[in-house]
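K.L.:
First the structure, which I've put down as structure tokens, then a few questions once you've had a look.
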């Protein structure tokens, strides 16, 4: 595997688009991707140009540690809330 | 109140067991119990699922003070646990609608404040005058049933949702400084019933600030409801246009059939029964006679020949604001999916739709 230099944080929309564009595996091989538990649960399908659904299977990538999945504790969330604009909630 | 207390209070209000929450969130029973008892704190992924089932923002669980929930005025309140679930869903939708308005800087015109009355109407004559004044002020025309919904939603930025109340409730309304005016209608009701409920709730909204001098702001007395019904009747069926319509059907003997009266009811977007009671007030027909006519006319009232539209899950204005926010980068695709209650994968088809709208017209060229 090519050495993965950059650390990137991916949200649901980015992962879905990556699968739709067929570039997900390339991204995984070039970047150290971190995402959250919530995103793994949400990114289940992508739609192609003909509005046909295709499944997204992220669990194999998680199991093989190709992507890193994190969750946030309540205390970390409180710190974020106290230091950022309430609009994020 | 800490997070465990808030979780328990919500579960009790919704009438759910821990098993009910487990089946809705896929969070294990022991974890749920530990969260409520304060033995363990939920992670963000747990909190997000709990926030979704309880229809609360995540920030709600991070607050420690006593939460003050907005008070809804119900026309016919469902049993307590069902009411708690519906109120939570309704308030969440209002919050989201307000966010969309703020992000897209819309409405550019919102004149609802001008509709508030200074004092609560004391007599039916005051209610009648209020209805006539409101109809004129809102410029609803001679058939207000046709325009009321659109004018309330698009001009006065009233948030109107059609929710699944089944047979357990008909309508409710709320006004808060945070969300503005909002109305909940029953999606299962026929169109002419929803029209009447809309006008009924409008009365409660425009008298909302005047309710400080009424016994209890969250409580509707029987006379409040009668006033609201009378207001709705006068607003939807203004006297002169109504008389003109009724009298256009009279034969040489000054008679009118039930079928013709049903046509008049359709014109004004009301039920035949509502029309009869309006006739009682406009023509002074005795109540006993009206009741006999209502009983005899049952076959015409909302029968198979009169079609009702099925309202959408979300208001058109709400969906358009959400699409605008998505296309202008004011909300993420995931948030858009949450707001429209769709799968994140389905956002792509909306993004394709929004791409076609880039036309701007300069005033002065038409």
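Protein chains in written order, with this note's numbering: chain A, 1 to 89; chain B, 1001 to 1366. Backbone N, C-alpha and C fix where the C-beta goes; we use that ideal spot for every residue, glycine too. All of these numbers come straight from a predicted model, not from anything done at the bench.
(1) Counting C-beta neighbours from all protein chains within 10 Å, is the total for residue 1296 (chain B) 16 or more, i.e. buried, or is it exposed?
(2) State the DSSP-derived secondary structure class of residue 1117 (chain B), mapped to helix, strand or coil.
(3) State yes or no: is the C-beta of residue 1041 (chain B) nearer than 7 angstroms to some heavy atom of the ligand GDP?
(4) Do the stretch 1151-1160 of chain B and the stretch 1061-1076 of chain B touch if we need at least three Cβ pairs shorter than 8 angstroms?
(5) Could you tell me whether the Cβ of residue 18 (chain A) comes closer than 8 angstroms to any Cβ of chain B?
(6) So, is residue 55 (chain A) buried or exposed, given that buried needs 16 or more other C-beta atoms within 10 angstroms?
(7) Under 8 angstroms between the Cβ atoms of residue 1008 (chain B) and residue 1036 (chain B)?
(8) Please name the residue, chosen from B:1221, B:1229, B:1143, that lies closest to residue 1203 (chain B) on a Cα-to-Cα basis.
(9) Any C-beta of chain A within less than 8 angstroms: which residues of the stretch 1018-1047 of chain B qualify?
(10) Identify the residues that DSSP records as bridge partners of residue 1181 (chain B): which are they?
(11) Can at least three beta-carbon pairs, one atom from the stretch 1009-1022 of chain B and one from the stretch 1045-1065 of chain B, be found at a separation below 8 angstroms?
(12) So, residue 1164 (chain B) versus residue 1187 (chain B), is the Cβ gap smaller than 8 angstroms?
(13) Compare the C-beta of residue 51 (chain A) against all C-beta atoms of chain B and say whether one is closer than 8 angstroms.
(14) So with CB distances below 9 angstroms, who are the chain B contacts of residue 57 (chain A)?
(15) Kindly list, in the order they appear in chain B, the residues whose Cβ is closer than 7 angstroms to that of residue 90 (chain A).
(16) Let me check understanding here. Comparing Cα to Cα, which of B:1312, B:1234, B:1085 lies closest to residue 1127 (chain B)?
(17) Whole angstroms is fine: what's the gap from residue 1279 (chain B)'s alpha carbon to residue 1111 (chain B)'s?
(18) Okay, do the stretch 1018-1031 of chain B and the stretch 1075-1094 of chain B touch, 3+ Cβ pairs below 8 angstroms being the bar?
(19) Start and end of the beta strand (DSSP E) containing residue 1294 (chain B)?
(20) Got a sec? Which residues, its chain only, sit under 7 angstroms from residue 1097 (chain B) by beta carbon, not counting five neighbours each side?
(21) Consider the Cβ of residue 1349 (chain B): report whether some Cβ of chain A lies at a distance smaller than 8 angstroms.
(22) Would DSSP call residue 1055 (chain B) helix, strand or coil?
(23) Report the option in A:72, A:47, A:42, A:29 whose CA atom is closest to the CA atom of residue 61 (chain A).
(24) Going by the beta-carbon positions, is the gap between residue 1134 (chain B) and residue 1148 (chain B) smaller than 8 angstroms?
(25) With H, G and I counted as helix, E and B as strand and the rest as coil, what does DSSP make of residue 84 (chain A)?
(26) Do residue 1276 (chain B) and residue 1236 (chain B) have their beta-carbon atoms positioned less than 8 angstroms apart in this structure?
(27) Starting from residue 101 (chain A), trace the beta strand (DSSP E) both ways and give me its first and last residue.
(28) Determine the DSSP secondary structure at residue 70 (chain A), reduced to helix, strand or coil.
(29) Under a CB-based cut-off of 8 angstroms, is residue 25 (chain A) close to chain B?
(30) Quick check: the stretch 1099-1109 of chain B against the stretch 1314-1331 of chain B, are at least 3 beta-carbon pairs closer than 8 angstroms?
(31) Taking beta-carbon pairs under 7 angstroms, can you tell me which members of the stretch 1057-1082 of chain B lie near chain A?
(32) If we count Cβ pairs, one from each stretch, closer than 8 angstroms, do we get three or more for the stretch 1329-1347 of chain B versus the stretch 1172-1186 of chain B?
(33) From residue 1006 (chain B) to residue 1061 (chain B), what does the alpha carbon distance come to, in whole angstroms?
P.N.:
Per the coordinate set shown:
(1) Residue 1296 (chain B) is exposed by the Cβ-count criterion.
(2) In the structure shown, residue 1117 (chain B) sits in coil (DSSP, three-state: anything other than H, G, I, E or B).
(3) With respect to the ligand GDP, the structure offers nothing, as it holds no ligand at all.
(4) Because the criterion of three Cβ pairs below 8 angstroms is not met, the stretch 1151-1160 of chain B and the stretch 1061-1076 of chain B do not touch.
(5) Residue 18 (chain A) does not count as touching chain B.
(6) Classification of residue 55 (chain A): exposed, given that the 10 Å Cβ count is below 16.
(7) Yes, the Cβ-Cβ distance between residue 1008 (chain B) and residue 1036 (chain B) is below 8 angstroms.
(8) Of B:1221, B:1229, B:1143, the residue nearest in Cα terms is B:1229.
(9) Here the close residues are 1041, 1042, 1043, 1044, 1045, 1047.
(10) Per DSSP, the beta-bridge partners of residue 1181 (chain B) are B:1175.
(11) Yes: at least three Cβ pairs fall under 8 angstroms.
(12) Yes, these two residues count as a Cβ contact at 8 angstroms.
(13) True, the Cβ-Cβ gap to chain B drops below 8 angstroms.
(14) Per Cβ cutoff of 9 angstroms: no residues; residue 57 (chain A) is ~14 angstroms from chain B at best.
(15) Residue coverage of chain A in this structure runs from 1 to 89, which leaves residue 90 (chain A) outside it and unanswerable.
(16) Ranked by how close their Cα comes to the Cα of residue 1127 (chain B), the residues B:1312, B:1234, B:1085 have B:1234 in first place.
(17) The alpha-carbon atoms of residue 1279 (chain B) and residue 1111 (chain B) are separated by roughly 32 angstroms.
(18) With fewer than three CB-CB distances shorter than 8 angstroms, the stretch 1018-1031 of chain B does not count as touching the stretch 1075-1094 of chain B.
(19) In the DSSP assignment, residue 1294 (chain B) falls outside any beta strand (DSSP E) and lies within the alpha helix (DSSP H) extending over 1287-1296.
(20) Correct list, in chain order: 1159, 1318.
(21) Taking 8 angstroms as the threshold, the shortest C-beta distance from residue 1349 (chain B) to chain A falls below it.
(22) DSSP places residue 1055 (chain B) in coil when its eight states are reduced to three.
(23) Nearest C-alpha to residue 61 (chain A): A:29.
(24) No, they are not a contact pair.
(25) Coil at residue 84 (chain A), not helix or strand.
(26) 8 angstroms or more divides the Cβ of residue 1236 (chain B) from the Cβ of residue 1276 (chain B).
(27) No information on residue 101 (chain A) is available, as it lies outside the stretch 1 to 89 that chain A covers here.
(28) DSSP places residue 70 (chain A) within a strand segment (E or B) once states are collapsed to three.
(29) Closer than 8 angstroms: no.
(30) Judged by pairs of C-beta atoms under 8 angstroms, the stretch 1314-1331 of chain B touches the stretch 1099-1109 of chain B, as three or more such pairs exist.
(31) When C-beta distances to chain A are compared with 7 angstroms, the residues of the stretch 1057-1082 of chain B below that value are 1057, 1058, 1059, 1062, in chain order.
(32) Contact fails between the stretch 1329-1347 of chain B and the stretch 1172-1186 of chain B, because fewer than three Cβ pairs, one in each stretch, are under 8 angstroms apart.
(33) Straight-line measurement puts the Cα of residue 1061 (chain B) at about 7 angstroms from the Cα of residue 1006 (chain B).
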